[in-house]
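A.B. asks: Can you keep this structure in mind? I'll have questions shortly.
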Amino acid sequence: MGDSELALGLLVHILKHPACPPETRNRAIQLWDDLSFVLSPQAIESIQEQALQLLPEAVVADLLRQQTN
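Okay, so the sequence shown: first residue is 4 according to our numbering, each after it adds one.
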């Protein structure tokens, strides 16, 4: 998975989190819009579906695991 795909997957979790502050939500939406020019609609849909199947804790654990490698 490339950086754009990873970023979009993280944005899915940020945007769906109920405690996301408005300024963070607005920035996440801007980033989403930027990524929508880089990725195909099919890729975006696939990434969304995959991200929604993961718990936020699993996403963080995966990020931490990648940082140690």
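Glycine is no exception: its CB is placed at the ideal position from the N, C-alpha and C atoms.
This structure is a prediction, so every number in the text was calculated from the model and none was measured.
Residue range of the alpha helix (DSSP H) that Arg12 falls in?
C.D. replies: Working through the sequence shown from its first residue, we reach residue 12 at position 9. Note that residue 12 is Gly in the sequence shown here, rather than Arg. It spans 6-19 - the alpha helix (DSSP H) in which Gly12 sits, taken as one unbroken run.
A.B. asks: Whose CA, out of Leu13, Arg28, Thr71, lies closest to the CA of Glu60?
C.D. replies: The sequence position of residue 60 within the sequence shown is 57, counting from 1. A check of alpha carbon separations from Glu60 across Leu13, Arg28, Thr71 identifies Leu13 as the nearest.
A.B. asks: Is the separation between the beta-carbon of Leu38 and that of Ser7 shorter than 7 angstroms?
C.D. replies: On the sequence shown, position 35 is the one that residue 38 refers to. On the sequence shown, position 4 is the one that residue 7 refers to. Against a cut-off of 7 angstroms, the Cβ pair of Ser7 and Leu38 comes out as a contact.
A.B. asks: Can you give the Cα-Cα distance for Ser49 and Arg28, rounded to whole angstroms?
C.D. replies: Within the sequence shown, the letter at position 46 stands for residue 49. Within the sequence shown, the letter at position 25 stands for residue 28. Going by the C-alpha atoms only, they are around 21 angstroms apart.
A.B. asks: Alpha carbon to alpha carbon, what distance is there between Asn72 and Ala22?
C.D. replies: In the sequence shown, counting from the first residue as 1, residue 22 sits at position 19. In the sequence shown, counting from the first residue as 1, residue 72 sits at position 69. If I take the Cα positions, the gap works out to 30 angstroms.
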